Structure formats: C-alpha cells, structure tokens
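Trainee: Respectively, the protein sequence lines represent chains A and B. Heads up, the first sequence is in the working numbering, so the first residue is 20 and it goes up one at a time. Heads up, the second sequence is in the working numbering, so the first residue is 238 and it goes up one at a time. We put the CB at the ideal spot given by N, CA and C, even for glycine. Bear in mind the structure is a predicted one, so any value in this text is a computation, not a measurement. Structure in structure tokens, see below.
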Amino acid sequence: MWRYIVRRLLSLIPVLIGISLFVFLLMHITPGDPAQLMLGEGAPAHQLEALRESMGLNKPWYVQYLSWLKNAAKLDFGNSLRSKKPVSMEILDRLPATAELALAAVTIAVMIGVPVGILSASRPNSTFDNVAMVGALTGVGMPVFWQGIMLILLFSVTFQLLPSSGRLGGLQYLVLPAVTLGTAATASIARLTRSAMLDVLQQDYVRTARAKGLRRRKVIYRHALRNALIPVVTMIGLQFGGLMSGAVLTETIFAWPGIGRMLVEAINNKDFPLVQGTIMTFALTYALVNLFVDVLYAFLDPRLRATYE
Amino acid sequence: MAAEVSKNQSQLSRIFKQWRRNRRAVVGAFILIVIIAMAIFAPYVTRYEPQKQNMRNRLQPPSAEHIFGTDQFGRDTYSRVVYGARLSLQVGFYSIGMALLIGCTLGLLAGYYGGVLDNVIMRVVDVLMALPGFLLALSIVAALGPGIENVVLAIGVSYVPSFARMMRSAVLSTRELDYVDAARALGAKDRRIILSHVLPNSLSPIIVLTTLSMAGAILSAAGLSFLGMGAQPPTPEWGSMIANSRPFIRVSHWAVTVPGLAIFTTVMCLNLVGDGLRDALDPRLKNVG
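In structure tokens form, the structure reads like this:
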C-alpha cells in the first residue's frame, strides 16, 4: 500500500510542473506590466526600468519561469503586487476560511445525499424516490451564485434570520454559504448513491441473501450498502473539484474571506504572483484530495487492496 | 449493405422509442425546443429592445406592460432574458463544439496510434485536468481578458480533456473488436477504419457527453459573466444580468430572479435530455429506475 501511495505522489510531480508552466505562460501573455502596476501610473521611466531589472522581467520567459519554479518548490510564490506581502502568507491567511466552508459543504452533502440515495433506491419509483430525484436534478442545475443570492433574499432580507455576508461572529455566518456550496454536491451524491445501490441490489449475492430468508432491511444495510458506498467515496472526491469551483462563486457572494474570493480579487487587480500562487494551491489541493480518495478507495475495496499489497 | 442500413435504422428507432418512454427527457426536450425557438425568434416574441433604457420606469414589479418587471435602468427584464438565451445557447454550442472537435481528434489519435503520441497527448490532458474545469476556464479568461469570445475559448479548452479521454477509451475498446481486425485484414486504411468503424461505434457516449457538457458550459459561462469576466454590460447575458441587478434586490428582485430561472431551466432540460439519452443508449441501465 505504501509503495502505491509513494508512486502516486511521485506521479503528481510532472502534472504539477505542467500546470505551473501552463499558469505561468497564461500570466505571461496577459497584457499589463507588473512593474507599472506596483509603482502606479505616474512612475518615472528609470524607476520602472530599475524595478523590471530587479524583478527579472527583462529576462527571457523560460529563465523567469525556472527561477519562479525553483522558488515555488520552496512554497515561495513571490510577493503580492498589491499588498507587497509574501503570496504564501496571503494564502495561508485565507486558506482556513475556505477549508472551513468546504468541510461544512461536504458534511452537508454526505449527511443528506447518502441517506436520500439509499431511501430512493430501496423504494425505486415511489413518491419519495420521484420527489428526491427531481430535487436532486434541481440541485444539479441551479447556478450556485444565483442560489446564494436567492437564499440571501429569503433568509437575510425577507425573514432576517441569518447574516448575508462575512465570517467572524459565529456559526450562523457559515450556514448560508455552506448550504449554497453544498447543494450541488448533495444532489450528485444522492443520485450516485441511488444508482450504485440499485446496481448492487441486482447482484447475485443480494439475491442469495434474500433467498436465504434475510429481511429486506438487513439485506439493504448489511449486504448492499457497504458495496454501494465504494463508488460513492470516489464521487465525493470528484465533487471536490466542483466544490473548489463553487467556492470561488460562493465566497464572492457571501464576502467570505477565503482563497476563492482572493483569486477573483487578484485577477481583477492583475496581481499576477497572487493569481499564480492561488491557482497552484487549488491544483495541489485538488491533486492531494484525489490521491487521498484513490487510496481510500483501494482500502475500502478488498479486491483492490489485494492488488496493491 | 442494404441489410446493414435497415439494421442501423431499426437501432436508431429502438433508441428513440426507448428515449421517448422517459417522460422527464421528453418534457425536457420540449421545453428546450421552446427556449431555442424563443431565442431564434427573439424580436418577434418581445415587445421592447433589450438595451433600451427608461429611467422613469426603473425597478418595476411585473405588470401587463412588463411581465417580469424592469431592471435598474428601466429595461424590460423579459426581453433581456429572451435575448440572453441567444448568447447562452451560442456559448454552449460553440464552446462544446470546439471541445468536441479538438478533444475527439486528440482522443482518436491517442487511442488509435498509441505509443509516443498517446503518451504526449494524454500527459497534456492530465495537466489540463489538474484544475477543476471552471477554475481552468477562469484562469484562461483571466489571462485573455474579459469578453464573451474568450469565455467560449476558455470553456472549450476546459472541456477538451473529458472528450479526449472518453474518445480514447472508446477507441481502445473498439480497436480490438473482430470486425475492425477484419477490416484491417481486408486492407482498409487507418482513415477508413477510424471513420467508418471506430467513430460510429463510439458515438453514443459522445452524444451523451455533449448534451451534458453543454449544460455545464452554460452554467460556467454564466458564472464567469457573473464574476465580470464574460459578456460586458449592456449586453443582455444571464450571469451578468444577475450580477448587475444584485445591488437592487431589496427594492426589486425580478431582474435577478428571472435570469437565474432561465439558466436553471435551460441547464435542467439539457441534463434531462442527456440523462434520457444515456439510459436509452446504455442497455445496461435500461431497467434501472
């Protein structure tokens, strides 16, 4: 198992180098002069030139990239053009807020999505199943930013129950953003749990379990559920990508001080080092979560576990 | 040959019959057709020009004059939503069209030829998949600058990996089939084998992926426009309408609610049609649900 994890970790390196090159080139082709942005509009030409020289902006792009990569490997992404603080500090400042939001969203998604999927599958085509699946389709199709605004309209403006923005001040600040971010994931997990359960319920061992006289309930929870949850675990991992994308929009709507909102601000400010650093953070997190899910998957499925041992 | 044609037709009609039995998919398709028709005939189904301002008539609730009210510039929300459909549907169509063309070509080449080419293509795909699609599109738009053309390009690129991967695996599974071997033994060239054997056989997963991706692309485009990186005001675009009317929701929420419902309806219908197609095309799932 350890060998598998190490191999997977090593295979991340070329992908991360690839994405860093991609992001670096994207920022490189972006119109706008970082030196100008740092010094402001009226800066004299010789100061601009001196700053460009000291920032290495006059060197060819691949030299710039290699020196950036060398520093990035040490988690040094340079300084923000705007705040002048190190990018890694800015990210570390904002990361806990995003982690908190994402964790809350995943919790909601699993706590609601899995039971709804199981109940739907245990009574396919029942009223509950139909309502749940229409609800799930609604959840998948709703634009996250619009849903956030609608929740604000309902719970903050009309009923004045929950705050509409900010983070500090208690759990009530987390409710609306977490529900907004978690909805699409809840819907996907419910749909997948249902279809995984239906798939498993058609298997021979389930028929055997029923044939030997076990109660329906016992068959569903003892025999079917355990096997159906394996693909669901993968799905939770896949949902994480959607969660990261959704976080950018959710944090923007609720003024949630995480790295998603910081990315949008950095893009608007043309703060290139901050954009690069944030995107690399997203890529790294995404990769690690997927790795974790794959390992968990191998761990949960004895057939796979045997191949990796 | 004649027998083959009639067999194909019967297969198509079987799939259509199967699909038609799925009531949700049929309803979805019907609503989608209505939306497309409204977008095409926008000037005939609206009374106001989408960009015409009327400052004396700002933030009105729905009335006989303006069935969905007016926005902060007194523009008719209904007209703007109908014209907005043109843009959103086009963005979905062009970006996924681009992803389909590039992704499938790459997937075909990688799957059919294998070796170094396969390795190079799939490593590039891996890199593009290292970021979730929306974030990839966001970083591309961040570099290219705001604008609807850049949004199409960015979303197109972000969907290339899924098409490439799907096509590659479809090719790998058909390449080894007996009749492809037979065609090769008869001296058929690569081009012919790809075009007349491998490609048609991989069609069904691609149709499903195209429909579902179109829904995702419309959502992403609206999200990018909401962040101010897509269509620029005063262009009627659903995402930017929501963003621009948002400060006024305490006074009148209609200019925010209706565009959101439009996005939601379009995306949901595309998903329903796609789900229906998947169930009809994949006999394994036929009896499920």
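Please state the DSSP three-state secondary structure of B/P437.
Mentor: helix
Trainee: Measure the Cβ-Cβ separation of A/I298 and A/V42 and say whether it is below 7 Å.
Mentor: Contact: yes.
Trainee: Would you say A/P292 lies against chain B (beta-carbon separation less than 7 Å)?
Mentor: So, not an interface residue.
Trainee: Leaving aside the five residues before and after B/A240 along the sequence, list all residues of the same chain whose C-beta is less than 7 Å from its C-beta, in chain order.
Mentor: Interpretation of B/A240 is limited by its pLDDT of 48, a score under 50 that renders its predicted location unreliable; no figure is taken from the coordinates.
Trainee: List, in chain order, every chain B residue whose beta-carbon is nearer than 7 Å to that of A/W21.
Mentor: Those do not exist, as A/W21 stays about 23 Å from chain B at its closest Cβ, beyond 7 Å.
Trainee: Interface residues of chain A around B/N508 at Cβ under 8 Å?
Mentor: L156, V159, G160
Trainee: I'd like to check one pair, B/V318 with B/P496: are the Cβ atoms closer than 7 Å?
Mentor: yes
Trainee: Taking the beta carbon of B/R405 as the centre, do at least 16 other beta carbons fall within 10 Å, making it buried, or is it exposed?
Mentor: buried
Trainee: Determine the DSSP secondary structure at B/T307, reduced to helix, strand or coil.
Mentor: In the three-state reduction of the DSSP assignment, B/T307 falls in the strand class, which pools E and B.
Trainee: Round the Cβ separation of A/L156 and B/M505 to the nearest angstrom and send it over; I've been treating them as touching at under 8 Å.
Mentor: 6 Å
Trainee: For the alpha helix (DSSP H) containing A/E60, name the first residue and the last one.
Mentor: Neither: A/E60 is in no alpha helix (DSSP H) and is coded neither H nor E.
Trainee: Using beta-carbon positions only, say whether B/L514 and B/V445 come within less than 7 Å of one another.
Mentor: yes
Trainee: Alpha carbon to alpha carbon, how far is B/G526 from A/P143?
Mentor: Per-residue confidence for B/G526 stands at a pLDDT of 33, beneath the threshold of 50, marking its modelled position as unreliable; the derived number appears in the next sentence. Each residue's Cα considered, the two are about 6 Å apart.
Trainee: Are the CB atoms of A/I36 and A/A302 within a distance shorter than 7 Å?
Mentor: no
Trainee: By how many angstroms is the C-alpha of B/A262 removed from the C-alpha of B/F253?
Mentor: If you draw a straight line from the Cα of B/F253 to the Cα of B/A262, it comes to about 11 Å.
Trainee: Would you call B/M238 buried or exposed, if buried means 16 or more other Cβ atoms sit within 10 Å of its Cβ?
Mentor: For B/M238, the pLDDT reaches just 44, beneath the cut-off of 50, and the residue's location in the model is therefore unreliable, leaving the point undetermined.
Trainee: For a contact defined as C-beta to C-beta under 9 Å, what are the partners of A/T271 on chain B?
Mentor: Within chain B, the residues near A/T271 are F463, L464.
Trainee: Expressed to the nearest angstrom, what Euclidean distance is found between the alpha-carbon atoms of B/N524 and B/N259?
Mentor: Caution is warranted here: a pLDDT of 39 is assigned to B/N524, below 50, making its placement in the model unreliable, and the coordinate value is therefore given only provisionally. So the alpha carbons of these two residues sit roughly 12 Å apart.
Trainee: Name the chain B residues that come within less than 7 Å of A/F14, Cβ to Cβ?
Mentor: Here chain A covers residues 20 to 328 and nothing more, so residue 14 of chain A does not appear.
Trainee: Between the C-alpha atoms of A/R71 and B/A391, what's the straight-line distance to the nearest angstrom?
Mentor: 30 Å
Trainee: Ignore the nearest five residues each way along the sequence and tell me which others in B/N294's own chain have a CB closer than 7 Å to its CB.
Mentor: T307, G311
Trainee: By the three-class DSSP mapping on this structure, what secondary structure does B/V525 have?
Mentor: Because B/V525 sits at a pLDDT of 40, beneath the cut-off of 50, its placement in the model cannot be relied upon, and the point is left open.
Trainee: For A/N309, I'd like the list of residues in its chain whose CB is within less than 6 Å of its CB, leaving aside the five on either flank, ordered along the chain.
Mentor: G256
Trainee: Below 8 Å on C-beta distance, what does A/M281 contact in chain B?
Mentor: In chain order: nothing, as chain B lies at least about 13 Å away.
Trainee: Is the shortest distance between the beta-carbon of B/G526 and the beta-carbons of chain A less than 7 Å?
Mentor: Bear in mind that a pLDDT of 33 at B/G526, under 50, signals an unreliable position, so the number given afterwards is only what the model happens to contain. By this cut-off, B/G526 is an interface position.
Trainee: Which residues does DSSP pair with B/D313 in a beta bridge?
Mentor: B/T307
Trainee: Tell me whether the beta-carbon of A/V283 lies closer than 7 Å to the beta-carbon of A/I24.
Mentor: no
Trainee: Which one or two residues does DSSP pair with A/N98 in a beta bridge?
Mentor: A/P105
Trainee: Short check: CB of B/H303 to CB of B/Q309, under 7 Å?
Mentor: no
Trainee: How about B/S325 and B/I455: are their beta carbons less than 7 Å apart?
Mentor: yes
Trainee: Checking 7 Å against the spacing of the C-beta atoms, do A/F164 and A/I272 come in under that value?
Mentor: yes
Trainee: Could you check what DSSP says for B/K254 in three-state terms: helix, strand or coil?
Mentor: helix
Trainee: Enumerate in chain order the residues of its own chain whose CB-to-CB distance from A/I168 is below 8 Å, with the five nearest sequence positions on each side excluded.
Mentor: Hits under 8 Å: I272.
Trainee: So what does DSSP say about A/P50, is it helix, strand or coil?
Mentor: coil
Trainee: What does B/I358 reach in chain A if we use C-beta pairs closer than 7 Å?
Mentor: Correct list: empty, because the minimum Cβ distance to chain A is about 13 Å.
Trainee: Where A/L195 and A/G188 are concerned, what is the direct C-alpha to C-alpha distance, given to the nearest angstrom?
Mentor: Those two C-alpha atoms are separated by around 14 Å.
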